[in-house]
Amino acid sequence: MSGAGGGPGLADLQPGDPRLGPVERRSKILGSMRAEGAKGVAIATISTIVVVIVIVVAIVRSPNWPEFKQFFFNGEEFRRTFPDILRTFLRNIEYFLIAEPIILALALLLAVMRSLPGPVFFPIRLMATIFIDGFRGIPTILVIYLLGFGIPALQIPGLPTSQIFWALVGLILSYSAYVAEVYRAGIESVHPSQSAAARSLGLTRFQTLRFVVIPQAVRRVIPPLLNDFIGLTKDTALVALIGPIEAFRQSQIDVAATFNYTPYVCTACLFILLTIPLARLTDWLISRERKRQLAGGAR
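Each number in the numbering used here comes from the position in the sequence shown (counting from 1) with 11 added on.
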């Protein structure tokens, strides 16, 4: 739209034009960014659709596709085995819900122990370091095997002999070592001036940790903690290796009965349905934290 006398109107001016005021310039920039964002989304959508179509066509036209479909994507077998796999998948969720709160508490304790300053706390830091390094160095599957088969075999009076119990203990110990390092990174990311200010106000070292350092550290590490949650949901399938029947073990039983691998696909779909929402929640939290930091830096 042209202005009076045939000159350019506001709609014709570029964002960098000196004739634009601050409000108009900001509006122009935001409009340009929205247009570029919409264009990028359209290009990404079209390219994704093209890639998916190419992959699907390549798979469907492969020589052994009919046999592959029969053995991995058999609709009748899927409907037959799904109820039992879903029922046992609820045990995976139960294992996760039992283990996760204990992991969060134990890992935070280990992180605090390893972060204690001063020579007087050296034995505590050493014990926490040995625990974390040890269980991070041993594959989780070996921890579950060693505890699940070893501890019940000792027949120690007063100790549980349930393999499920010790398999969950193995998961808890292994994941606590990893999550403790996530917590420790969050604790170390809190600027020392925060602790100094708290101590100057009369708070003790432990009060400073409890009321100042740990709340900030936990808030900063929520996204990586959710990534560990996702890993734990999948690793609950490792419990099946020492006997208990959960979703993966049930699918193995069904496959052994029919020599059709569709139950494995069914189990994979259930894990995907559980983990994808957690993954998107993690992305959203990371994006929100990034925007919060940018807004704080702008101020």
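All C-beta atoms in this analysis are idealised placements derived from N, C-alpha and C, irrespective of residue type, glycine included.
Chain-order list of residues whose beta-carbon lies under 7 Å from that of residue i (same chain, five-residue window excluded)
i: R303; result: none
i: N238; result: T293
i: R136; result: M124, R125 and L127
i: L289; result: L237, F240 and I241
i: I162; result: L170 and W177
Closest residue to residue i among the options (Cα-Cα distance)
i: Q227; options: T215, E257, I198 and D95; result: I198
i: F93; options: A290, P288, A248 and A258; result: A258
i: L158; options: I253, L121 and V68; result: I253
i: Q81; options: V276, A290, D294 and I141; result: V276
i: E87; options: I287, T269 and I283; result: T269
i: K245; options: I264, P77, V52 and L108; result: L108
i: V193; options: P235, G148 and V180; result: P235
i: R230; options: R301, P274 and I152; result: R301
i: T140; options: P77, R195 and T286; result: R195
i: A251; options: G148, L179 and L289; result: L179
i: L249; options: S206, P134 and Y156; result: Y156
i: L121; options: M138, V67 and P130; result: M138
i: A191; options: D95, L153, I54 and I233; result: I233
i: T247; options: I70, R91, T151 and G129; result: T151
i: I283; options: T172, I104 and P130; result: I104
Residue range of the unbroken alpha helix (DSSP H) whose run includes residue i
i: F222; result: Per DSSP, F222 belongs to no alpha helix (DSSP H) and is neither H nor E.
i: V109; result: Contrary to the premise, residue 109 reads as Ile rather than Val in this sequence. Element bounds for I109: G86 to S126.
i: T140; result: F133 to G148
i: F79; result: W76 to F83
i: G254; result: Where G254 is concerned, there is no enclosing alpha helix (DSSP H), given that its DSSP letter is neither H nor E.
i: F270; result: From DSSP, F270 is part of no alpha helix (DSSP H); its letter is neither H nor E.
i: V190; result: Q174 to S200
i: I152; result: T151 to L165
i: A248; result: Unbroken run through A248: none, as it is neither H nor E.
i: S204; result: P203 to S211
With 16 other Cβ atoms within 10 Å as the buried cut-off, status of residue i
i: N75; result: exposed
i: S211; result: exposed
i: R125; result: buried
i: W177; result: buried
i: R98; result: exposed
i: D265; result: buried
i: R299; result: exposed
i: S262; result: buried
i: R45; result: exposed
i: V123; result: buried
i: L220; result: buried
i: F100; result: buried
i: F217; result: exposed
i: L281; result: buried
i: T215; result: exposed
i: I143; result: buried
i: V154; result: buried
i: I70; result: exposed
Beta-carbon contacts of residue i that lie in its chain and below 6 Å, excluding the five residues immediately before and after
i: F146; result: L184, S185 and A188
i: R102; result: E257
i: R260; result: A251
i: R291; result: none
i: L119; result: Y194
8 Å Cβ shell around residue i - same chain, five flanking residues per side excluded
i: N85; result: N271 and T273
i: L319; result: The question about residue 319 has no answer here: the residues shown for the chain are numbered 12 through 310.
i: T56; result: none
i: P255; result: R102, Q174, I175 and A178
i: G17; result: Caution is warranted here: a pLDDT of 49 is assigned to G17, below 50, making its placement in the model unreliable, and the coordinate value is therefore given only provisionally. No residues qualify anywhere along the chain.
i: L296; result: I233, P234 and L237
i: T286; result: I241, T244 and K245
Closer than 8 Å to chain D by CB, residue i
i: P134; result: This model lacks chain D altogether; it includes just one protein chain.
Residue i Cβ short of 7 Å to the ligand FAD heavy atom set
i: L120; result: No copy of the ligand FAD appears in this structure; indeed no ligand is present at all.
Indicate whether the contact test is met: 3 or more Cβ pairs, each with one atom in the segment 200-207 and one in the segment 224-244, closer than 8 Å. Yes, the segment 200-207 is in contact with the segment 224-244.
Assess, as a yes-or-no matter, whether the segment 109-116 is touched by the segment 176-195 under the definition of 3 or more beta carbon pairs within less than 8 Å. Between the segment 176-195 and the segment 109-116, the count of C-beta pairs closer than 8 Å reaches three or more; the two stretches touch.
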